[in-house]
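A.B. asks: Numbered according to the working numbering, the sequence shown spans residues -11 to 338.
All C-beta atoms in this analysis are idealised placements derived from N, C-alpha and C, irrespective of residue type, glycine included.
Note that the structure is predicted; figures quoted are calculated from it, not measured.
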Amino acid sequence: MRKFAFIGFIFLLFVPLINCTKTIKSNEILPPFEKLYQKNEMLSEIVPVVDREYYPTAKKIIREAKESVSISMFVVKRGVKVNNLIKELENAAYRGVKVKILLEDNIKANHFIINSLNGAKNIEIKFDSRKKITHNKIIIVDENIILIGSTNWTESSLSYADEANVIIKDQNIAKYFQDYFGKLWKNSSKDISPFKNFNGKIIPIIDRQYFDVVNKMLNKSGKRIYIMLYGFKLSDTGNTNGDILADKIIKARKRGVETKILLEKSNFNERLNKMNNKTIEYFKENGVNAKFDNRHIITHSKIVIIDDVVILGATNWSYSGLTKWHNTDILIKEKLIVEYFVNYFEEKFR
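What follows is the structure, given as structure tokens:
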């Protein structure tokens, strides 16, 4: 099915983040990870980058790029902070860094970016295929560092939405996402299947792999399930991937697993509220602790904590998000990182 069939759903869930009326900033509850653990350098190879930490982090890694910067972004809309990030890309290109930017073609703001950067020296920029939505939010620097998570390049995402990302310095992980990016760049019209196996404490997750991983983890959960999402859609038929995951959470609750669900409540998008409210009510009816966030704060993070693992990235639990769109996420087993996001979730939940 061609992309225009999804335009209505895109504007339902995501355009509010482009032209957002929420102006109250989220509380800065948690200090930066480095300060929290009194570290001047990255712990191991991974550091959380949440809320207002994304903008300076993105600027820094682009500024320090030596060879390449590859970006796959759902939305890039000009504003003060976004313009500064684009300027860093232009500066990087000027000093010889090869910059590639892949954007979703159904977002009007992206067309202005394409037009303004097309033809710039050392910058290649283009739209994805019109046959599939590319919902990624990832930066890859020098095939060595990635910044991955939920943050779009919009003033709302950079300035006051709740967003969850991580920066990872690992050549194997970065090279994998660079190869994924290369496949998208060549042809993003089809799903990309996992093409390398990973073991250890950091595991990349792409496209349809996400549902399989989360589904299996929910089956095995024994301690806690914490979910924070912008959108979680249940169907009337009860047989979509979102329905399956919801029922797995309810089954976990019945066997004694602690379950908490936090979803976005918009102060302007009542269709989104209706969708999320249906999900919340279904969970409440089945004994799951589920609720909306503060309607004056945008909860755009996509965090899944199951026992001692956290998964975060770009995937919402909608039909299209789980079954059709390109999404990049990351699974993390590093104890301190998981603890950080448990604390992040619990503070936001309260």
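Verify whether the separation of the beta carbon atoms of residue 131 and residue 163 is less than 8 Å.
C.D. replies: In contact: residue 131 and residue 163 (Cβ atoms closer than 8 Å).
A.B. asks: Residue 89 and residue 59: beta carbons closer than 8 Å?
C.D. replies: Yes, they are a contact pair.
A.B. asks: Is it true that the stretch 29 to 49 meets the stretch 102 to 116, where meeting means three or more beta-carbon pairs spaced less than 8 Å apart?
C.D. replies: No contact exists between the stretch 29 to 49 and the stretch 102 to 116.
A.B. asks: With residue 264 as the anchor, note down where its alpha helix (DSSP H) starts and where it stops.
C.D. replies: That run of the alpha helix (DSSP H) goes 258 to 273.
A.B. asks: Mind checking whether residue 169 and residue 192 have CB atoms under 8 Å apart?
C.D. replies: Taking 8 Å as the Cβ cut-off, residue 169 and residue 192 do not qualify as a contacting pair.
A.B. asks: Report all residues from its chain with a CB closer than 7 Å to the CB of residue 231; omit the five preceding and five following residues, and keep chain order.
C.D. replies: Excluding positions up to five away in sequence, the list reads 222, 223.
A.B. asks: Would you kindly work out how many angstroms separate the C-alpha atoms of residue 344 and residue 116, rounded to a whole number?
C.D. replies: With the chain covering only -11 through 338, there is no way to say anything about residue 344.
A.B. asks: Give the straight-line distance between the Cα atoms of residue 281 and residue 255, rounded to the nearest whole angstrom.
C.D. replies: Rounded to whole angstroms, residue 281 to residue 255 spans 11 Å at the Cα level.
A.B. asks: Determine the direct distance from the alpha carbon of residue 213 to that of residue 266, and round the result to whole angstroms.
C.D. replies: When rounded, the distance between both Cα atoms is 19 Å.
A.B. asks: With DSSP run on the structure shown, which of helix, strand or coil describes residue 182?
C.D. replies: Coil.
A.B. asks: Would you list, in sequence order, the uninterrupted alpha helix (DSSP H) runs of no fewer than 4 residues that lie entirely inside the stretch 164 to 211?
C.D. replies: Runs found: 197 to 208.
A.B. asks: Can you round the beta-carbon distance between residue 123 and residue 315 to whole angstroms, since I take them to be within the 8 Å contact cut?
C.D. replies: Rounded, the Cβ-Cβ distance is 5 Å, consistent with contact.
A.B. asks: Can you check which of these residues, 202, 183, 275, 94, is closest to residue 320 by C-alpha distance?
C.D. replies: Minimum Cα distance to residue 320 is reached at 202.
A.B. asks: Does the separation of the CB atoms of residue 85 and residue 55 fall below 8 Å?
C.D. replies: Cβ distance < 8 Å, so residue 85 and residue 55 count as in contact.
A.B. asks: Report the partner residues of residue 314 according to the DSSP bridge assignment.
C.D. replies: According to DSSP, which records beta bridges pairwise, residue 314 is partnered with 122.
A.B. asks: For residue 76, does the three-state DSSP call read helix, strand or coil?
C.D. replies: It is helical.
A.B. asks: Where does residue 153 fall in DSSP's three states?
C.D. replies: Residue state, collapsed to three classes: strand.
A.B. asks: Tell whether a beta-carbon distance below 8 Å holds between residue 149 and residue 288.
C.D. replies: Cβ distance < 8 Å, so residue 149 and residue 288 count as in contact.
A.B. asks: Let me know the secondary structure DSSP gives residue 68 once reduced to three states.
C.D. replies: Helix at residue 68.
A.B. asks: Determine the DSSP secondary structure at residue 48, reduced to helix, strand or coil.
C.D. replies: Three-state DSSP puts residue 48 in a helix.
A.B. asks: Are the beta-carbon atoms of residue 121 and residue 92 separated by less than 8 Å?
C.D. replies: Contact: yes.
A.B. asks: With a threshold of 16 other CB atoms inside 10 Å of the CB of residue 273, please say whether the residue is buried or exposed.
C.D. replies: By the 10 Å Cβ count, residue 273 comes out exposed.
A.B. asks: Return the residue from the list 40, 241, 233 that minimises the CA-CA distance to residue 152.
C.D. replies: Checked all of 40, 241, 233; the closest Cα to residue 152 is 40.
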